[in-house]
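Read top to bottom, the protein sequences are chains A and B.
Start counting the first sequence at 0; every next residue gets the next number (numbering that gives the first Met the number 0).
Start counting the second sequence at 0; every next residue gets the next number (numbering that gives the first Met the number 0).
Where a beta carbon is used, it is the ideal one built from N, C-alpha and C, also for glycine.
Everything numeric in this text was worked out from a predicted model, so none of it was measured.
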Amino acid sequence: MAYTEEELKKELETKEYEYGFYTDIESDTLPKGLNEEIVIAISKKKEEPDWMTEWRLEAFRAWQEMEEPEWANVTYKKPDFQDISYYSAPNKKPKYNSLDEVDPELLETFKKLGISVDEQKKLAGVAVDIVMDSVSVATTFKKTLAEKGIIFCSISEAIQEHPELVKKYLGTVVPKKDNFYAALNSAVFSDGSFCYIPKGVRCPMELSTYFRINQAGTGQFERTLVVAEEGSYVSYLEGCTAPMRDENQLHAAVVELIALDDAEIKYSTVQNWYPGNDQGKGGVFNFVTKRGLCEKNAKISWTQVETGSAVTWKYPSCILKGDHSIGEFYSIAVTNNFQQADTGTKMVHLGKNTKSTIISKGISAGQSQNSYRGLVQVNSRAENARNFSQCDSLLMGNRCGAHTFPYIEAKNKTAQIEHEATTSKIGEDQIFYCNQRGIDTEKAIALIVNGFSKEVLNKLPMEFAVEAQKLLEISLEGSVG
Amino acid sequence: MDLKEKLVSSFMAFEDGLDLDHPVHEERSNAMKNFETKGFPTKKDEAWKYTSLRGLQKVDFSIFPKHETTLEYKDVKKYFLHEIDTYKIVFVDGVYSSYLSETTHDGVDICLMSSAFSKPMFQQVIEVYFNKAASKDESLTSLNTAFSKEGAYIYIPKNKMPKKPIQILHLATGNEAALMLQPRNLIVAEDNAEVQIIERHQSLTGNEVFTNSVTEIFAGKDAIVDYYKVQNDEPTASLVDNTYISQKRSSVVRVHTFSLGGKLIRNNLNFYQNGERIDSTLKGVTILGDKQHVDHHTLVHHAQPNCESHQDYKGIFGDSSTGVFNGKIIVDKIAQKTDAFQQNNNILLSDRSTINSKPQLEIFADDVKCSHGCTIGQLDEEAMFYLRSRGIPKKEAKALLMYAFANNVLESVRIPELKARINKIIADKLGVRMGFDL
């Protein structure tokens with residue numbers, strides 16, 4: 000059936016958030032507000048050692064002195080940080096050995112998301128550390144990983160069981176005073192994942208975590224720390240969906256990656272949080288700090304597919320400290336309706352012969368604003384640094400905007416930097432070509448968008464690529480240019 | 000007393016000598032208020048992230064030169080493009096030099112802002128155009144507006160074209176230990192008019208000079224304006240050059256900026272397209288050494304459909320020099336079928352040189368062709384080898400490659416003598432003699 004533009008627009012407007020449901024699990028929630036007592040209470044609840052409490056308090060004190068950043072090309076009503084509950088954990092915290100023991104309601108939630116834990120387990124061989132409202136409730140495949148010496152657990156567990164590792168690496172890449180949201184996260188982070196790959200080990204499976212924001216009025220402050228020892232390899236997946244909420248929800252996560260000599264980390268994200276309704280009401284605020292540190296010969300590769308959130312503020316970065324290290328950033332950011340995204344990357348070249356690649360694809364539809372903001376910095380000692388950046392934007396309709404803010408700073412004469420950006424729309428002739436061959440307009444757009452994003456989709460691990468492709472289609476349904 | 004306070008307090012003295020009932024005066028006082036509130040931009044302002052004016056603010060600049068100085072033409076001849084006949088508007092320490100100038104009122108008006116402000120016959124043009132394109136928000140532009148008194152006034156009526164190109168030359172004699180100049184130029188080319196202008200700021204001694212210049216250019220329907228900025232000043236001269244260009248339907252405005260010398264140069268080049276089928280060209284060659292600093296800030300605002308803009312900036316940075324390029328293209332919702340192109344290529348020659356580039360796009364229309372490219376690299380070693388294997392010494396080979404790199408921009412200079420002159424400046428800078436014309 001062929002759609003007219005009007006029909007498509009209408010359908011788009013009425014398109015409900017498919018994953019908007021709310022699981023009723025009793026939660027243990029702290030009162031709203033933020034002060035030193037709350038920070039101490041969070042730390043206590045998690046039975047953390049003193050050094051951790053102190054660390055949080057230091058971050059909190061620094062945060063109090065800081066101001067919310069305003070430089071991003073987004074406008075939103077600032078969240079009231081005293082009107083958020085900073086801790087919410089599912090009440091029962093049983094330890095399961097098999098999935099049968101898991102709360103059936105929880106399993107139901109995941110089924111609705113189309114991510115069945117056991118299915119993933121069987122078919123894809125993925126160990127899933129499910130984070131539901133901040134506390135990890137199910138960890139699978141732990142045994143297999145343990146045999147290799149890989150530690151993959153929640154960060155609170157890691158603080159208990161591997162304090163020396165956490166102490167050594169936490170906050171080394173994203174210092175607790177790094178920026179407003181990172182400081183906030185450092186003070187109040189409730190949980191997250193910790194992953195440690197020992198020397199020379201190649202992680203046999205893709206590690207993944209699914210985040211969900213579930214409890215009404217709770218902010219989510221995830222903390223992820225991935226450490227890859229010398230010569231190791233790990234591919235880490237992160238995917239998110241959130242239930243429909245009217246109130247704006249705040250998400251300020253921090254992800255730190257540490258790739259020691261010759262190690263490689265591949266970090267992929269599919270983000271599909273509730274973007275707000277067609278009037279621009281509600282939706283998740285996503286203010287994330289992600290950064291990786293590369294030692295000698297190490298490689299960090301960020302891949303992200305951003306389709307959700309009302310406001311996205313996210314710059315996965317690489318610090319190429321060691322000689323011959325490599326940083327990569329592949330991104331697709333889709334915005335529709337009133338969504339706003341300001342996303343990009345930072346590549347800081349410090350070591351000699353370092354290389355970085357940036358491929359960013361922005362797709363804007365409806366009345367959304369999509370910005371690429373990136374920094375490529377070559378320091379004076381980074382001999383022979385090489386960068387290639389490409390930012391392509393696709394506009395659908397004339398009510399949306401696409402922006403590019405690339406910062407390029409070179410202090411070394413041997414640096415070779417290339418930056419390219421283009422802006423285009425879906426060609427009428429391309430649609431006509433598809434229509435002529437019996438492909439309706441909507442499918443044609445999905446096809447063209449998929450083609451446009453292929454370079455990035457290709458970088459995703461298989462099982463994620465399929466999901467991401469589906470997401471792209473859902474988010475753009477009906478937005479004919 | 001810092002520079003801001005000094006400027007604010009001397010504004011009153013400046014007002015004394017003026018006709019306070021003149022309509023322009025209100026603009027001046029408003030601008031002064033804006034400057035008073037905003038002050039000099041700092042590195043905290045996004046637009047001045049890479050360029051600091053702090054050093055300049057510590058210098059005790061004299062704001063009104065004490066006495067007039069006469070110069071002999073032969074002493075300053077080399078700063079003129081003397082190979083061809085031109086109209087000349089010359090200022091010495093900010094004061095008009097009738098002796099060195101050649102103005103006209105024959106069909107076109109090529110004269111002074113001071114007479115345009117005072118004579119009733121120009122009143123209408125001043126009312127329609129003065130301060131209409133310049134920003135009322137930007138603090139340095141406001142500062143200039145507040146002190147606007149002298150500069151070049153060029154008015155080309157409908158269907159006219161001056162017989163020869165126009166040179167605007169600002170000379171600083173060095174009679175003052177440190178001098179601040181604030182020339183204000185107004186250039187109006189009415190419908191279907193055409194004009195070629197060359198502008199140069201030149202300091203004659205090693206004394207400190209700080210020029211904060213504002214030029215407004217208005218191009219009527221189908222008008223053609225070619226504007227060349229030659230910036231090859233002494234290493235003690237700083238320049239903030241604010242240019243605002245407002246274009247009407249089917250007009251063509253081309254601005255070439257050659258930044259080859261000076262201590263600190265900041266070019267704010269702003270194009271506003273207020274009609275369809277407009278063509279705007281912004282090109283620049285920057286070759287720097289020592290501790291020089293050049294900052295190119297360009298803005299092209301596409302506000303109407305079917306327009307084009309072309310930007311091409313080439314930079315070569317040696318020693319401890321710093322280059323900044325910030326190019327911004329804004330495409331409004333209604334500006335469909337816009338074709339905007341922006342390119343910035345840079346070569347770093349030394350380990351101490353720095354380049355900061357920020358090519359920026361802000362696009363609100365969907366049916367547009369916008370692209371930008373930015374590269375930072377070095378001279379091609381293979382090309383170098385090729386030349387040297389054919390017996391060309393290293394220095395010359397390097398110069399040749401640099402020429403080739405900058406040639407795209409030079410090619411579009413439409414006054415051959417000017418092109419030759421710039422080639423010569425570049426050759427001098429590179430310390431080579433070129434046996435041919437490029």
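Pairwise C-alpha distance: A/Phe431 and B/Lys313: The residue given as residue 313 of chain B occupies position 314 in the second sequence. The residue given as residue 431 of chain A occupies position 432 in the first sequence. Straight across, the Cα-Cα distance linking B/Lys313 with A/Phe431 is about 41 Å.
Can the beta-carbon of A/Ala182 be found closer than 8 Å to that of A/Met65? Here residue 182 of chain A refers to the residue found at position 183 when the first sequence is read from its first residue. Here residue 65 of chain A refers to the residue found at position 66 when the first sequence is read from its first residue. If you check the CB distance, A/Ala182 and A/Met65 come in under 8 Å.
Given that a residue counts as buried once 16 or more other Cβ atoms are within 10 Å of its Cβ, and exposed if not, what is A/Trp272? Numbered from its first residue, the first sequence carries residue 272 of chain A at position 273. Classification of A/Trp272: buried, given that the 10 Å Cβ count is 16 or more.
Using a cut-off of 7 Å between C-beta atoms, extract the partners of B/Asp350 located in chain A. Residue numbering aside, residue 350 of chain B sits at position 351 when the second sequence is read from its first letter. Ser379, Asn411, Lys412, listed in chain order.
A/Ala381 and A/Thr353 closer than 8 Å at C-beta: Counted from its first residue, the first sequence places residue 381 of chain A at position 382. Counted from its first residue, the first sequence places residue 353 of chain A at position 354. In this structure, A/Ala381 lies near A/Thr353, with their beta-carbon atoms less than 8 Å apart.
So, B/Val323 versus B/His295, is the Cβ gap smaller than 8 Å? Here residue 323 of chain B is taken as the residue at index 324 of the second sequence, counted from 1. Here residue 295 of chain B is taken as the residue at index 296 of the second sequence, counted from 1. Cβ distance < 8 Å, so B/Val323 and B/His295 count as in contact.
Out of curiosity, what's the CA-to-CA distance linking B/Ala133 and B/Asn325? One-based indexing of the second sequence puts residue 133 of chain B at position 134. One-based indexing of the second sequence puts residue 325 of chain B at position 326. Approximately 19 Å between the Cα atoms of the pair.
Expressed to the nearest angstrom, what Euclidean distance is found between the alpha-carbon atoms of A/Gln321 and B/His255? The residue labelled residue 321 of chain A in the question sits at position 322 within the first sequence. The residue labelled residue 255 of chain B in the question sits at position 256 within the second sequence. First, the amino acid is wrong: residue 321 of chain A is Gly here, not Gln. In a straight line, the C-alpha of A/Gly321 is about 42 Å away from that of B/His255.
Measuring CB to CB, does A/Ser267 end up less than 8 Å from A/Pro30? Within the first sequence, the letter at position 268 stands for residue 267 of chain A. Within the first sequence, the letter at position 31 stands for residue 30 of chain A. Not in contact: A/Ser267 and A/Pro30 (Cβ atoms no closer than 8 Å).
Could you check which residue in A/Gln270, A/Phe286, A/Ser207 has the C-alpha nearest to that of A/Asn184? Working through the first sequence from its first residue, we reach residue 184 of chain A at position 185. Considering only alpha carbons, the answer is A/Phe286.
8 Å is my cut-off, CB to CB: does A/Phe404 come that close to chain B? For the purposes of this step, residue 404 of chain A is taken as residue 405 along the first sequence, with counting starting at 1. Yes, because at least one Cβ of chain B sits closer than 8 Å to the Cβ of A/Phe404.
Under 8 Å between beta-carbons, which chain B residues line up against A/Phe357? List them in chain order, please. Here residue 357 of chain A corresponds to residue number 358 of the first sequence, with the count starting at 1. A small fix is needed here, since residue 357 of chain A is Ile in this sequence, not Phe. Proximity of chain B to A/Ile357 at the Cβ level (cut-off 8 Å) is not reached, the minimal Cβ distance being about 12 Å.
Would A/Ile331 and A/Ser452 be called neighbours here (beta carbons separated by less than 8 Å)? The residue given as residue 331 of chain A occupies position 332 in the first sequence. The residue given as residue 452 of chain A occupies position 453 in the first sequence. In this structure, A/Ser452 lies closer than 8 Å to A/Ile331 by Cβ.
Skipping 5 residues on each side, what residues in its chain have a beta carbon closer than 7 Å to that of B/Leu417? Position 418 of the second sequence, counted from the start, is the residue given in the question as residue 417 of chain B. So the list reads Leu80, Ile197, Tyr227, once near-sequence residues are dropped.
Taking Cβ to Cβ, would you say A/Ala384 is nearer than 8 Å to A/His348? Locating residue 384 of chain A in the first sequence gives position 385, where the first residue counts as 1. Locating residue 348 of chain A in the first sequence gives position 349, where the first residue counts as 1. For the 8 Å CB-CB criterion, A/Ala384 and A/His348 form a contact.
Within chain A, partners of B/Phe340 - CB distance below 8 Å: Here residue 340 of chain B refers to the residue found at position 341 of the second sequence. The contacting residues do not exist; B/Phe340 stays about 10 Å from chain A at best.
I want to see whether chain B comes within less than 8 Å of A/Glu417, judged by CB atoms only; does it? As a working mapping, residue 417 of chain A is identified with position 418 in the first sequence. The beta-carbon of A/Glu417 is placed less than 8 Å from the nearest beta-carbon of chain B.
Spell out the partners DSSP gives B/Arg199 in its beta bridges. Locating residue 199 of chain B in the second sequence gives position 200, counting from the first residue. For B/Arg199, DSSP records a beta bridge to B/Leu168, B/Val229.
I'd like to know if B/Asp366 contacts chain A, where contact means its C-beta is closer than 8 Å to some C-beta of that chain. Indexing the second sequence from 1 puts residue 366 of chain B at position 367. Yes, contact with chain A.
Closest residue to B/Ser138 among B/Pro119, B/Thr41, B/Ser114 (Cα-Cα distance): In the second sequence, counting from the first residue as 1, residue 138 of chain B sits at position 139. Closest option to B/Ser138, Cα to Cα, is B/Thr41.
So what does A/Asn72 bridge to, in DSSP terms? As a first step, residue 72 of chain A must be located in the first sequence, where it is residue number 73. Answer is none; A/Asn72 lacks a bridge partner.
State the Cα-Cα distance for the pair A/Leu374 and A/Ala464, rounded to the nearest angstrom. Here the question's residue 374 of chain A lines up with position 375 in the first sequence. Here the question's residue 464 of chain A lines up with position 465 in the first sequence. So the alpha carbons of these two residues sit roughly 27 Å apart.
Residue nearest to B/Ala46 in terms of C-alpha spacing, selected from B/Leu268, B/Val194, B/Phe217, B/Asn184: On the second sequence, residue 46 of chain B is found 47 positions in, with the first residue counted as 1. Across the set B/Leu268, B/Val194, B/Phe217, B/Asn184, the C-alpha of B/Leu268 shows the shortest separation from the C-alpha of B/Ala46.
Within a Cβ cutoff of 6 Å, which residues of the same chain sit near A/Arg201, ignoring the five residues on either side of it in sequence? Within the first sequence, residue 201 of chain A is the residue found at index 202, counting from 1. Closer than 6 Å at Cβ, skipping near neighbours: Tyr232.
So the alpha helix (DSSP H) B/His24 belongs to, where does it begin and stop? Your numbering for residue 24 of chain B matches position 25 in the second sequence. Membership of B/His24 in the alpha helix (DSSP H) is indicated by the continuous run 22 to 37.
Give the residues from the segment 376 to 393 of chain B that approach chain A closer than 7 Å (Cβ to any Cβ), ordered along the chain. Cβ contacts with chain A: Gly376, Gln377.
Write down the C-beta distance between A/Val269 and A/Val304 rounded to the nearest angstrom, noting that I regard them as a contact closer than 8 Å. Locating residue 269 of chain A in the first sequence gives position 270, where the first residue counts as 1. Locating residue 304 of chain A in the first sequence gives position 305, where the first residue counts as 1. The C-beta separation of A/Val269 from A/Val304 comes to about 5 Å, placing the pair in contact by the 8 Å criterion.
Starting from B/Asp74, trace the alpha helix (DSSP H) in both directions and tell me its first and last residue. The residue you call residue 74 of chain B lines up with position 75 of the second sequence. If you look at B/Asp74, you'll find it in the alpha helix (DSSP H) that goes 72 to 75.
Candidates A/Pro203, A/Ser359, A/Val38: which alpha carbon is nearest A/Glu146's? Stepping through the first sequence from its first residue, residue 146 of chain A is reached at position 147. Answer by Cα proximity: A/Pro203.
Flag B/Phe363 as yes if its beta-carbon sits less than 8 Å from any beta-carbon of chain C, otherwise no. This model lacks chain C altogether; the protein chains it does include are A and B.
Have a look at A/Pro274 and A/Gln248 and give me their C-alpha separation to the nearest angstrom. Taking the first sequence and counting its residues from 1, one reaches residue 274 of chain A at position 275. Taking the first sequence and counting its residues from 1, one reaches residue 248 of chain A at position 249. Within the model, the alpha-carbon separation for A/Pro274 versus A/Gln248 is close to 10 Å.
Three-state secondary structure (DSSP) of B/Tyr243: Along the second sequence, one-based indexing puts residue 243 of chain B at 244. In the three-state scheme derived from DSSP, where H, G and I count as helix and E and B as strand, B/Tyr243 is classed as strand.
In the structure shown, what three-state DSSP assignment does B/Leu142 receive? Stepping through the second sequence from its first residue, residue 142 of chain B is reached at position 143. B/Leu142: helix per DSSP, three-state reduction.
In whole angstroms, give me the CA-to-CA distance for A/Thr413 and B/Leu399. Numbered from its first residue, the first sequence carries residue 413 of chain A at position 414. Numbered from its first residue, the second sequence carries residue 399 of chain B at position 400. Their Cα atoms are separated by approximately 20 Å.
Give the secondary structure of B/Glu45 by DSSP, where H, G and I count as helix, E and B as strand, and everything else as coil. What you label residue 45 of chain B is simply residue 46 of the second sequence in a count that begins at 1. DSSP places B/Glu45 in helix when its eight states are reduced to three.
Between B/Tyr128 and chain A, is the shortest Cβ-Cβ distance under 8 Å, so that the two count as touching? Sequence index remark: in the second sequence, residue 128 of chain B carries index 129 (1-based). B/Tyr128 does not count as touching chain A.
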